[in-house]
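Structure record follows, encoded as structure tokens.
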Amino acid sequence: MLGGVNFPPSDLAGACSLFRADVQVNVVVKACYSGSFASAFRVANQRNIYVHTSAKVDEKSYSARRSISGRHRNSVFGQAFLRTLGLTRDIDDNWTLQKQKYYIEERLNRSDIPESFRSTPVVVSDSPVTRLMKEILFRDYLDISFSNAPVRARRVLSPTNEALHLLQPQENHQLQRAYGNAKSARQYEASSHMIGCEMNLLDINYSVRGDEGVTTDWCTLTRQPPHRREETIVQLAHITWFRWKVQEPFLCVAEELIRVGLISLDAMYTPMNLSQQTPSTSAVMKALNCFSIPRSCMDFQELIFGTHFFAPPLWLATLIVRSCTDWTRIVNRLTTVPLLGELDSELVLKVVQQRPKFTVNPDEGKITGDPSKTSSYGFWLPQGTRLKFFLPTWTKRYSQVMEAYYIATGKRWEDFEDVEKRMGNLLTMEMGLYN
Numbered sequence: 001m002l003g004g005v006n007f008p009p010s011d012l013a014g015a016c017s018l019f020r021a022d023v024q025v026n027v028v029v030k031a032c033y034s035g036s037f038a039s040a041f042r043v044a045n046q047r048n049i050y051v052h053t054s055a056k057v058d059e060k061s062y063s064a065r066r067s068i069s070g071r072h073r074n075s076v077f078g079q080a081f082l083r084t085l086g087l088t089r090d091i092d093d094n095w096t097l098q099k100q101k102y103y104i105e106e107r108l109n110r111s112d113i114p115e116s117f118r119s120t121p122v123v124v125s126d127s128p129v130t131r132l133m134k135e136i137l138f139r140d141y142l143d144i145s146f147s148n149a150p151v152r153a154r155r156v157l158s159p160t161n162e163a164l165h166l167l168q169p170q171e172n173h174q175l176q177r178a179y180g181n182a183k184s185a186r187q188y189e190a191s192s193h194m195i196g197c198e199m200n201l202l203d204i205n206y207s208v209r210g211d212e213g214v215t216t217d218w219c220t221l222t223r224q225p226p227h228r229r230e231e232t233i234v235q236l237a238h239i240t241w242f243r244w245k246v247q248e249p250f251l252c253v254a255e256e257l258i259r260v261g262l263i264s265l266d267a268m269y270t271p272m273n274l275s276q277q278t279p280s281t282s283a284v285m286k287a288l289n290c291f292s293i294p295r296s297c298m299d300f301q302e303l304i305f306g307t308h309f310f311a312p313p314l315w316l317a318t319l320i321v322r323s324c325t326d327w328t329r330i331v332n333r334l335t336t337v338p339l340l341g342e343l344d345s346e347l348v349l350k351v352v353q354q355r356p357k358f359t360v361n362p363d364e365g366k367i368t369g370d371p372s373k374t375s376s377y378g379f380w381l382p383q384g385t386r387l388k389f390f391l392p393t394w395t396k397r398y399s400q401v402m403e404a405y406y407i408a409t410g411k412r413w414e415d416f417e418d419v420e421k422r423m424g425n426l427l428t429m430e431m432g433l434y435n
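Anchor point for the sequence shown: position 85 equals 85 in the UniProt record's numbering, and the numbering is continuous, going up by one each time.
In structure tokens, the structure reads:
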């Protein structure tokens, strides 16, 4: 019996054998079921398997010990791990790595747990806790209970042998097939170089939400077999192109609002915290969410690999909160100049009923840090420095992205002239202010 369904050992072993050998399979189950999976995967000769079990106060072992089969016995992640993967239904419980670590340490070092059974969750199966959680977080997984599908999962797989392809935005499927069939070393090299340059701008030891799968795939690239390595580069290249393209409308909107005097160019010059919203930026984000393009970046319900990317709408929201001169005129401008996509009238009614408010604050979301470092993979919108210092690096990055796109697909990057024109307009306005 497993998840309320009878599984003969032979059937379970047969199901396990459907996973390819290079696919890491993570199973999260109650401790009483873990042996069934460990045995089934051993029979199926599938070694790249980790069965994570819950840790409870009344269980005997709290160690990080792993059996030969690869099973974590009473995984130190415990309930925190289950919550991380969305196996609880509390939609208000927004977990972070810091909260997870605190939760784990608190559970595993309680006074009612014998000293001999306590452990500090520093390392699990030779991997740091944060790295292991990032490797598993937001991955595809199969719900075998049928009735208790995790509501906060990135995607629930069916049937079981679809575990490889995670992927891209709908509009990029044709592009993916064209590049996926290409074996040219030049294409691979151009895409790898582009991805590597973008990764160098990140602190990969701390990934914001939406970047976990991206950074993990890049860091584990050299350990992947050659055919899987090529698939990973294809995925990461499409994510890069998607993220660069989706930021263009936000730059166009910002240039439009600055040009007509509804927000200030000075609001860009202070570094922004683009990994966390404030009450004021959250209020503006609710309004931006009524448009299709920002909503595609802020999709919390269906976290398609690489497309959860709320830094661009948060960037625009921060500019508005820092320097808004007339919120009503900004809203009218956004609705009459359709740069952010289609407007959802039902969402507009909900936002109007909630009456979100914000306070103009020139230092909203201010942080100290290196402006050359990006908060999210592929983020390029200007912030934290004058445009005359920003443009040389941006131009080089933009050229690399467009060149890799052309080499891989044979197609020209659309609308780049408009983006360069808007950036030039901003630079001209800056020169008029400071020269």
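Every residue gets a Cβ at the ideal spot worked out from N, C-alpha and C, and that includes glycine.
Counting only the Cα atoms, valine 234 lies some 34 Å from serine 282. Three or more beta-carbon pairs drawn from the stretch 246-264 and the stretch 426-434 are found closer than 8 Å, and the two stretches are therefore classed as touching.
The criterion of a C-beta distance shorter than 7 Å is not satisfied by valine 401 and tryptophan 218.
In this structure leucine 288 touches alanine 317 by the C-beta definition: roughly 6 Å separates them, less than 8 Å. Nearest to proline 249 by alpha-carbon distance, out of Glu417, Leu433 and Tyr434, is Glu417.
Across the set Leu433, Lys421 and Phe242, the C-alpha of Lys421 shows the shortest separation from the C-alpha of leucine 251. Counting along the chain, aspartate 418 sits inside the alpha helix (DSSP H) bounded by residues 416-434. The C-beta of proline 294 has 16 or more other C-beta atoms within 10 Å across all chains shown, which makes the residue buried.
Runs of the alpha helix (DSSP H) lying entirely within the stretch 267-292, each at least 4 residues long, are 279-288 in chain order. Secondary structure of lysine 366 (DSSP, three-state): strand. Per DSSP, reduced to three states, the secondary structure at leucine 334 is helical. Each residue's CA atom was taken as its position, placing phenylalanine 242 and glutamate 212 some 17 Å apart.
Counting of Cβ neighbours within 10 angstroms places proline 312 among the buried residues, the total reaching 16 or more. Under the three-state reduction of DSSP output, leucine 349 falls in the helix class. If you look at aspartate 217, you'll find it in the alpha helix (DSSP H) that goes 212-219. Annotation: serine 399 to arginine 355 spans about 42 Å, alpha carbon to alpha carbon.
Classified as buried, tyrosine 188 has 16 or more neighbouring CB atoms from the shown chains inside 10 Å of its CB. In this chain, the alpha helix (DSSP H) harbouring leucine 257 covers 226-259.
Straight across, the Cα-Cα distance linking leucine 343 with asparagine 332 is about 12 Å. Around isoleucine 195, the same chain offers Trp218, Ile233, Leu236, Ala237 and Thr240 as residues with beta carbons nearer than 8 Å, after the five sequence neighbours per side are excluded. Ranked by Cα distance from phenylalanine 309, the options Gly210, Gly410 and Ser191 are led by Gly210.
When DSSP states are grouped into helix, strand and coil, leucine 314 belongs to the helix group. Here the C-alpha atom of arginine 186 lies approximately 12 Å from the C-alpha atom of threonine 409. When secondary structure is reduced to three states using DSSP, leucine 262 falls in the coil class, being assigned neither helix nor strand.
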